[in-house]
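In terms of the numbering used here, the numbers along the sequence shown are unbroken and rise by one, the last being 990. Positions of the beta carbon are idealized from the N, C-alpha and C atoms, including for glycine. Bear in mind that the values here come from a model prediction, so they are computed numbers and not experimental data.
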Amino acid sequence: MKALLLALQFLTCIPVALRFEPQPADWGRSALAYPLIGLLIGLLLAGLQRLVGHADPLLQAALLAVAWVLLTGGLHLDGLADSADAWVGGRGNRERTLAIMKDPRSGPAGVSAIVLALLLKFAALAALAKAGAYDPAQAGFMACSGSESPCGAWPALLLAPLLGRSALVVLLLTTPYVRPGGLGSALSAHLPRAAAGLVLLLALAASLLLAGRPGGFALAGAAITWLALRQMMMHRLGGMTGDTMGAAVELTEVAALVAVALGA
């Protein structure tokens, strides 16, 4: 329970009162709950859509995009902005790239990255809403396993946050953290690796079994994006930072949403 509450406090703006002082081992175990927190975010978004499903598709998409940012406090968008600024301003130099990431200010590349990421999310959500794919009453979630089912956005709202936070666990399992003493260092060093692998297998199975064809599209988009991002991190930095982890969450979410929208 401590791990779940710690992950909930870290990854969302949902008020959580911790009655303990987190230790490095607690942070490591909390990463096991990241996919579950992603699923919770997805459930809250799906609940909101249920309330506003009668509205114009563009308004639905706008409300969902705003709620998405408010739920996370823009935590991962900040990482995306810092990473974009560092990648452009670093000009291929590792030390310069890491130095720029420490600058709290956002430059043109960072602002552009945020705008483009939110624009793609909004467009994908609007496209799925316009296709009439949001209504769970029209085709239950389990019905998405049918290849001809039109229920694209209902699983997309659940899968994108789930896969985005699962991407963090995969990074922690496979990628060195390059800033000694940072929070990511504690996460990586104290992550229960066998349990993390099991959590990822469960997330993968849930995505495919519950969402069927849309789940396959989302997984494909997320996997391709994750592989490309990890390659970029390793080539430029030799590993990851907290900012690049945040960027991975946002871009994995975007890829999953867009993949489902295109597949629908």
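When you measure from the CB of residue i to every non-hydrogen atom of the ligand NAD, does any distance come out below 7 Å?
i	result
valine 925	In the structure shown, the ligand NAD is absent, as is every other ligand, since no ligand is present at all.
Ignore the nearest five residues each way along the sequence and tell me which others in residue i's own chain have a CB closer than 8 Å to its CB.
i	result
leucine 988	Phe943
leucine 889	Gly764, Ala929, Ser933, Ala944, Leu945, Ala948, Thr978, Glu979 and Ala982
arginine 962	Trp813, Gly816, Gly818, Arg820 and Thr823
leucine 909	Trp753 and Gly968
leucine 894	Ala757, Tyr760, Met971, Ala974 and Val975
Which residues bound the alpha helix (DSSP H) around residue i?
i	result
lysine 856	834-856
valine 742	Looking at the DSSP string, valine 742 is not in any alpha helix (DSSP H), and its letter there is neither H nor E.
glutamine 749	Element bounds for glutamine 749: n/a, residue is neither H nor E.
glycine 779	From DSSP, glycine 779 is part of no alpha helix (DSSP H); its letter is neither H nor E.
I'd like the list of long-range same chain contacts for residue i, defined as Cβ closer than 6 Å, with 5 residues on each side in sequence excluded.
i	result
serine 914	Leu898 and Tyr903
threonine 951	Leu977, Thr978 and Ala981
leucine 730	Ala759
serine 756	Ala729, Leu732 and Ala733
lysine 856	Pro783
glycine 833	Asp811
According to DSSP, is residue i part of a helix, a strand, or is it coil?
i	result
methionine 960	helix
methionine 727	coil
leucine 737	helix
threonine 978	helix
Keeping to the same chain, check which residues put their C-beta closer than 7 Å to that of residue i; ignore five residues upstream and five downstream.
i	result
alanine 793	Leu771 and Leu774
lysine 728	Phe746 and Asp752
State yes or no: is the beta carbon of residue i nearer than 8 Å to at least one beta carbon in chain E?
i	result
arginine 820	This model lacks chain E altogether, as it is built from one protein chain only.
Assuming residue i contacts residue j (C-beta within less than 8 Å), just tell me the rounded distance between them.
i	j	result
leucine 680	glycine 972	In the structure displayed, the chain extends from 727 to 990; residue 680 sits before or after that span and is not available.
alanine 886	glycine 768	7 Å
Q) What runs of the alpha helix (DSSP H), each 4 residues or longer, lie entirely inside the segment 874-934? A) Fully enclosed alpha helix (DSSP H) runs of no fewer than 4 residues occupy 879-900 and 909-916 of the segment 874-934, in order along the chain.
Q: Note down, one range per segment and in chain order, each beta strand (DSSP E) of at least 3 residues found wholly within the segment 794-838.
A: Within the segment 794-838, no complete beta strand (DSSP E) run reaches 3 residues.
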